[in-house]
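*Asks:* Following this message is one structure expressed as structure tokens.
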Amino acid sequence: MHSSERGIRLLRQRVDAWASKLKVTPHLVRVQRMTRKWGSCSTRGTITLAADLIEQNRHFQDFVVAHELLHLRVPNHGRLFKALMTVHVPDWRALDVVRGHGPCAMPRQTRSGRTIAEQSKSVG
Ligand SMILES: [Zn+2]
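To convert, take the position in the sequence shown, counting from 1, and add 197; that gives this note's numbering.
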């Protein structure tokens with residue numbers, strides 16, 4: 198099996214694990230090339246994850262996956278959303294800082310700095 202196929206399969210397993218943990222059911226989960234964001238969630242419940250997320254470490258993958266799946270329960274980045282993120286990924290703020298971005302859905306201007314990937318992306 199091609200290594201990227203294996204990576205995507207493992208990423209989808211993380212999505213499945215988090216979906217049951219968060220008690221949500223995504224309408225559709227897509228993994229595709231994304232240049233501006235690590236992930237996004239549509240109002241119809243379609244989760245899209247950046248294909249190169251498979252090259253990131255497991256913890257960062259969990260952060261992005263949990264973030265997008267939580268949008269199925271809370272469609273914004275308000276206080277409830279942040280509180281739920283803190284419950285499930287206690288150090289999510291540190292991961293956001295590492296990315297050099299604030300809250301995700303609105304594309305922010307990119308800022309070069311301590312990023313853990315070659316491209317700056319936000320979490321949608
Ligand atoms: Zn978001």
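Here a beta-carbon is modelled for each residue, glycine too, at the ideal position from N, C-alpha and C.
Note that the structure is predicted; figures quoted are calculated from it, not measured.
One question on the structure: do Pro263 and Trp289 come within less than 9 Å of each other, judged by their Cβ atoms?
*Replies:* The question names Pro, but residue 263 in the sequence shown is Ala. Cβ distance < 9 Å, so Ala263 and Trp289 count as in contact.
*Asks:* Suppose you measure from the CA of Val271 to the CA of Lys220; what does that come to, to the nearest Å?
*Replies:* Roughly 13 Å between the two C-alpha positions.
*Asks:* Look at Thr243 and Val226 and say whether their C-beta atoms are less than 9 Å apart.
*Replies:* Yes, Cβ-Cβ distance for Thr243 and Val226 is below 9 Å.
*Asks:* If you draw a straight line from the alpha carbon of Leu266 to that of Phe260, how long is it in whole angstroms?
*Replies:* Whole-angstrom Cα-Cα distance: 10 Å.
*Asks:* Where does the unbroken beta strand (DSSP E) through Thr245 begin, and where does it stop?
*Replies:* Note, Thr245: beta strand (DSSP E), Thr243 to Ala247.
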